[in-house]
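Participant:
Number of protein chains: 2
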Amino acid sequence: MTNRLQEYLTEHRAGHLEQLSEFLKIPSISALSEHKGDMRKSAEWLVASLQEIGMENVTIMETGGHPVVYGDWLHAADKPTVLIYGHYDVQPVDPLELWESPPFEPTIRDEKIYARGATDDKGQTFMHIKAVEALLKVHNELPVNIKFLIEGEEEIGSVHLDQFVDENKELLRADVLVISDTPLLAKGKPAICTGLRGLASLQISVKGAKGDLHSGLYGGGVPNSIHALVQILDSMRDQDGRIQVEGFYDKVEELTEQERAAFKALNDDEEALKKELELPELFGEKGYSLLERTWVRPTLEVNGIYGGFQGEGVKTVIPAEAHAKITCRLVPEQDPEEVTALLEKHIENHTPPGVTVTTKRYDTGKPFAAPVDHKVFQLAAKAYEEVYQAPVAFSRMGGSIPVVETFAHVLRIPIVLMGFGLPSENFHAPNEHFHLENFDKGLLTLTNYYQKLGRE
Amino acid sequence: MTNRLQEYLTEHRAGHLEQLSEFLKIPSISALSEHKGDMRKSAEWLVASLQEIGMENVTIMETGGHPVVYGDWLHAADKPTVLIYGHYDVQPVDPLELWESPPFEPTIRDEKIYARGATDDKGQTFMHIKAVEALLKVHNELPVNIKFLIEGEEEIGSVHLDQFVDENKELLRADVLVISDTPLLAKGKPAICTGLRGLASLQISVKGAKGDLHSGLYGGGVPNSIHALVQILDSMRDQDGRIQVEGFYDKVEELTEQERAAFKALNDDEEALKKELELPELFGEKGYSLLERTWVRPTLEVNGIYGGFQGEGVKTVIPAEAHAKITCRLVPEQDPEEVTALLEKHIENHTPPGVTVTTKRYDTGKPFAAPVDHKVFQLAAKAYEEVYQAPVAFSRMGGSIPVVETFAHVLRIPIVLMGFGLPSENFHAPNEHFHLENFDKGLLTLTNYYQKLGRE
């Protein structure tokens with residue numbers, strides 16, 4: 001970290017924020033086809049922006065969906081290569097009426113910039129571009145080789161990126177992958193995310209009689225598909241939420257005392273969450289804290305259920321069909337395919353007489369755990385600590401970023417998830433924002449990190 | 457039964473079926489407010505139809521909801537007065553995609569007329585009108601005095617009819633009430649229904665966090681409203697369908713040996729039903745036959761359930777809300793209000809931590825048992841037997857016609873439930889239909905019955 005870098009960033013801060021506003025103004029909602037043109041416009045904006053700071057080979061690369069933007073600078077001979085991943089697509093904005101300022105008219109209030117994508121992930125992607133710009137402008141060269149890979153489909157499951165990564169292994173070859181799309185632990189508390197949960201998903205469909213029946217004529221005499229479904233679902237968890245599917249926990253690694261102590265040290269505020277979610281009580285597997293339950297314990301949640309009459313009032317029908325959707329969050333070393341097979345077997349074993357049950361498999365994602373003893377993590381932690389003047393937490397995240405597992409699997413390089421957002425910044429919700437404090441500190445942390453990597 | 461009556465009915469059959477089609481075309485779904493206009497249209501159609509056959513004092517009478525149609529013919533001095541009750545409202549039609557021909561485009565296939573309401577109860581109500589028409593046209597007078605009372609809220613629990621009957625006791629005064637809204641025992645096997653189950657109904661709504669949550673971030677850490685609902689519902693019945701709600705069976709009378717023998721003598725074909733409904737097995741309370749379970753044992757069935765994501769594929773959401781609709785069929789001496797209170801108490805006692813549960817009461821109906829030794833039953837049986845050339849069964853029905861109990865209680869006259877539908881005619885389900893064989897025989901049976909009543 002040099003004074004000249006800090007000076008450069010301070011001097012250009014207003015201009016940078018203006019550029020960020022320009023970027024945020026483009027409504028790049030990947031889920032909605034009417035924004036297809038805006039996706040292209042965003043990609044073109046990134047191309048211009050990367051070219052302007054001196055990146056080379058900047059290009060829009062087509063996929064089966066929204067395009068990927070690539071650019072590199074590879075003149076740091078004998079230095080490591082950093083691949084930076086980000087995404088320029090954003091979530092839909094409804095309910096629009098809950099936004100205090102329109103989602104695509106960026107507004108700075110109280111040292112936070114409000115807009116859809118401010119933190120997830122246009123703001124953080126832009127921060128990466130400006131960190132590289134600062135290094136190049138101040139030193140006329142970069143301490144490491146840099147490759148940018150910015151996609152437009154993260155919010156819709158990175159549907160085409162697996163194939164893209166597979167087909168461009170050579171182009172993307174690097175020594176470390178850096179992603180800023182995970183939160184800090186809290187204000188002033190930096191975190192490197194070292195684990196993501198995986199995913200298994202299943203639809204259960206129960207079929208009773210050939211059609212809906214009148215509950216007066218047949219009630220008490222024939223199977224009811226909803227009761228059967230309810231019985232199956234209820235057999236899958238006990239009253240504390242511990243999963244009863246045979247073999248489900250077999251490959252789950254128990255937490256060490258050290259890990260538990262580390263989680264405890266994070267001082268997670270369960271009371272604050274209850275209040276925020278307006279819940280009388282939290283819920284979950286006995287013997288584990290909230291952080292443990294959501295970061296490192298596997299789950300089974302019913303995400304949707306439907307069957308029979310759903311209208312106003314009452315209809316005295318015995319429904320022929322009932323359906324439920326289930327997803328499991330998985331932790332190392334659980335395998336999504338194996339877990340799905342266990343679920344299917346459990347369902348088969350718990351199907352009551354008189355009904356037929358079928359299942360349908362959906363998305364899966366393998367859990368991810370980073371090899372935190374690698375020096376790229378130690379250097380990232382140092383870079384953070386020098387800027388934030390606070391220790392770095394090695395956190396986990398309960399969600400899945402499926403492409404992370406793909407990167408790990410295909411590129412076989414360490415992945416450093418060093419984000420600068422805050423959990424409270426309403427990503428995916430109205431009034432998304434990004435604290436400028438972390439925009440500034442993020443720029444310093446990243447430039448600091450690349451310099452450290454270059455010196456190794 | 458005269459040859460002239462039979463001739464008249466044969467000669468006018470095509471015209472009658474055309475008129476029935478007209479009536480069935482009106483989508484008189486009482487449960488859905490967008491059909492309010494169709495309810496009125498149905499009532500007006502009935503007024504015109506009753507006037508046309510020569511009924512007097514024909515009028516639409518307002519209630520707090522859908523109107524009642526009344527008409528009479530009271531010139532048979534010293535003869536008994538028959539009150540005929542029917543209903544012009546029908547059940548909703550979803551799932552629409554399962555109908556082979558649209559529910560409100562009546563179609564005759566294979567000597568059955570297909571349409572919503574074909575058998576329940578527009579078809580059978582229409583049959584009563586045509587029976588009276590035939591008697592009047594052929595004999596220029598009726599053998600008995602006739603009063604028609606046709607309501608529009610039977611499928612939503614006759615919500616305003618109790619009050620209407622109470623306020624119009626004088627107008628409705630009669631010697632016998634005839635209703636055709638119950639099924640024959642089987643094809644060619646007439647039945648007079650001497651008992652109906654009552655009804656209690658409840659909606660359960662479970663609320664977790666203030667909104668849907670991301671299952672990656674929160675999964676395993678917070679209550680899931682669907683799991684909570686599933687747990688509550690599963691606690692209400694055991695694996696054989698025996699109801700676990702405390703006190704539920706307290707007032708249920710156990711069957712006598714004699715009653716059980718009478719049920720057994722009906723030789724109900726459980727295998728045939730399995731085949732007809734395409735069920736691998738029937739289901740229900742251990743130790744009771746199918747007839748016993750559906751006629752004289754109380755039930756608890758979930759009629760509908762919904763919550764969370766119901767679209768295609770998967771959405772990794774922890775749903776904030778989940779809902780279920782429950783109805784119980786009740787037997788003498790169970791009281792609907794008491795049973796509903798027991799359900800509510802059970803739900804309260806079985807609500808898991810972290811969620812809030814609310815319930816909403818819907819329709820109720822008291823169970824009913826007829827005094828079968830009265831001569832109006834013996835004459836009805838004779839009328840049936842002469843037309844069907846088969847003995848009449850005194851059956852029970854698992855369904856509820858809540859207003860029957862009101863009639864019994866307020867008017868204090870015998871109620872003859874002589875229906876002409878078949879249990880397999882899909883009432884309340886897609887592809888509802890009515891066998892024209894029973895439309896024809898019904899007309900003959902009813903005219904025969906009124907003549908017998910007039911001769912007594």
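In order, the protein sequences belong to chains A and B. Reading the first sequence from the start, the letters are residues 1 to 456 in this note's numbering. Reading the second sequence from the start, the letters are residues 457 to 912 in this note's numbering. Even for Gly, the Cβ is constructed at its ideal location relative to N, Cα and C. Here the structure is a predicted model, which is why all the values come from computation and not from measurement.
1) By alpha-carbon positions, which one of Thr466/B, Gly510/B, Leu461/B and Leu658/B ends up nearest to Glu794/B?
2) What whole-angstrom Cβ distance do Leu291/A and Asp268/A have, given they're in contact under 8 Å?
3) If you compare alpha carbons, which of Arg260/A, Lys137/A and Gly241/A is closest to Tyr8/A?
4) Quick one: is Ile226/A near chain B, going by C-beta distance under 8 Å?
5) Look at the Cβ atom of Gly421/A, then the Cβ atom of Gln124/A, and state whether they are nearer than 8 Å.
6) Can you tell me the Cα-Cα spacing of Ala265/A and Lys189/A, whole angstroms?
7) Is the segment 73-84 of chain A in contact with the segment 157-167 of chain A, if contact means three or more CB pairs nearer than 8 Å?
8) Taking Lys578/B as the query, report the chain A residues whose CB atoms sit under 9 Å from its CB, ordered along the chain.
9) Taking Gly287/A as the reference, which of Glu777/B, Pro483/B and Gly676/B has the closest Cα?
10) Enumerate, from N- to C-terminal direction, the unbroken alpha helix (DSSP H) stretches of 4 or more residues contained entirely within the segment 34-116 of chain A.
11) Could you pull out every residue in the same chain whose Cβ sits closer than 8 Å to the Cβ of Ile482/B, ignoring the five residues on either side in sequence?
12) Quick check on this structure: which residue in Phe377/A, Glu170/A, Pro143/A and Leu142/A has the alpha carbon closest to the alpha carbon of Cys193/A?
13) Tell me, to the nearest whole angstrom, how far the beta carbon of Pro143/A is from that of Gly454/A; I am working on the premise that it is less than 8 Å.
14) Which term fits Thr712/B, buried or exposed, when burial requires 16 or more other beta carbons within 10 angstroms of its beta carbon?
15) Do we get a CB-CB distance below 8 Å when we pair Asn303/A with the residues of chain B?
16) So what does DSSP say about Ser225/A, is it helix, strand or coil?
17) Report the rounded CA-to-CA distance for Leu685/B versus Ala778/B, giving the unit in angstroms.
18) Tell me which residue opens and which closes the beta strand (DSSP E) that Asp819/B is part of.
19) Could you compute how far the alpha carbon of Glu727/B sits from the alpha carbon of Tyr218/A?
20) Counting only Cβ pairs nearer than 8 Å, list the residues of chain B close to His214/A.
21) Strictly below 8 Å CB to CB, what residues from chain A border Arg738/B?
22) By a C-beta neighbour count over all protein chains shown, 10 Å radius and 16 as the cutoff for buried, is His522/B buried or exposed?
23) Identify the continuous alpha helix (DSSP H) that holds His865/B and give its terminal residues.
24) By alpha-carbon positions, which one of Arg785/B, Leu756/B, Asn805/B and Glu597/B ends up nearest to Gly821/B?
25) Within the continuous beta strand (DSSP E) that includes Phe890/B, where are the two ends?
26) Using the beta-carbon of each residue, which ones in chain A are nearer than 7 Å to Tyr762/B?
27) Nearest to Val811/B by alpha carbon, out of Ile413/A, Gly307/A, Leu279/A and Ile150/A?
28) Using the beta-carbon count (16 or more within 10 Å), is Leu172/A buried or exposed?
29) Report the residue from Phe704/B, Thr862/B and Tyr844/B whose alpha carbon sits nearest the alpha carbon of Gln790/B.
30) Gly398/A and Trp295/A: beta carbons closer than 8 Å?
31) Where Met61/A and Ile150/A are concerned, what is the direct C-alpha to C-alpha distance, given to the nearest angstrom?
32) Entirely within the segment 222-268 of chain A and at least 4 residues each: give me those alpha helix (DSSP H) ranges in chain order.
33) Determine contact between the segment 567-575 of chain B and the segment 882-898 of chain B, defined as no fewer than three beta-carbon pairs at a distance below 8 Å.
34) Are the Cβ atoms of Glu741/B and Asp706/B separated by less than 8 Å?
35) For Gly651/B, does the count of other Cβ atoms within 10 angstroms reach 16, so buried, or fall short, so exposed?
36) List the whole-angstrom C-beta distance separating Ala320/A from Gly211/A, where the pair is believed to meet the contact cut-off of C-beta under 8 Å.
Facilitator: Walking through what the data contain:
1) Leu658/B
2) 5 Å
3) Lys137/A
4) Yes, because at least one Cβ of chain B sits closer than 8 Å to the Cβ of Ile226/A.
5) yes
6) 12 Å
7) no
8) Ordered by position in chain A, no residue passes the 9 Å Cβ test against Lys578/B, which lies about 16 Å from the chain.
9) Gly676/B
10) The segment 34-116 of chain A contains these whole alpha helix (DSSP H) runs: 36-52.
11) Excluding the 5 residues flanking it on each side, Ile482/B has same chain C-beta neighbours closer than 8 Å at Asp494, Lys497, Ser498, Trp501 and Phe560, in chain order.
12) Answer by Cα proximity: Phe377/A.
13) 3 Å
14) exposed
15) yes
16) helix
17) One alpha carbon belongs to Leu685/B, the other to Ala778/B, and they sit about 7 Å apart.
18) Thr812 to Gly821
19) 14 Å
20) Going along chain B in sequence order, the residues near His214/A (Cβ under 8 Å) are Gly855, Phe883, His884 and Ala885.
21) The amino acid occupying residue 738/B in the given sequence is Leu; Arg does not appear at that position. Per Cβ cutoff of 8 Å: Gly221, Val222, Pro223 and Gly354.
22) buried
23) Pro858 to Leu867
24) Arg785/B
25) His889 to His891
26) Ile305, Tyr306 and Gln310
27) Leu279/A
28) buried
29) Phe704/B
30) Cβ atoms of Gly398/A and Trp295/A: closer than 8 Å.
31) 10 Å
32) 225-234 and 257-265
33) yes
34) no
35) buried
36) The pair is a contact, with the Cβ atoms about 5 Å apart (cut-off 8 Å).
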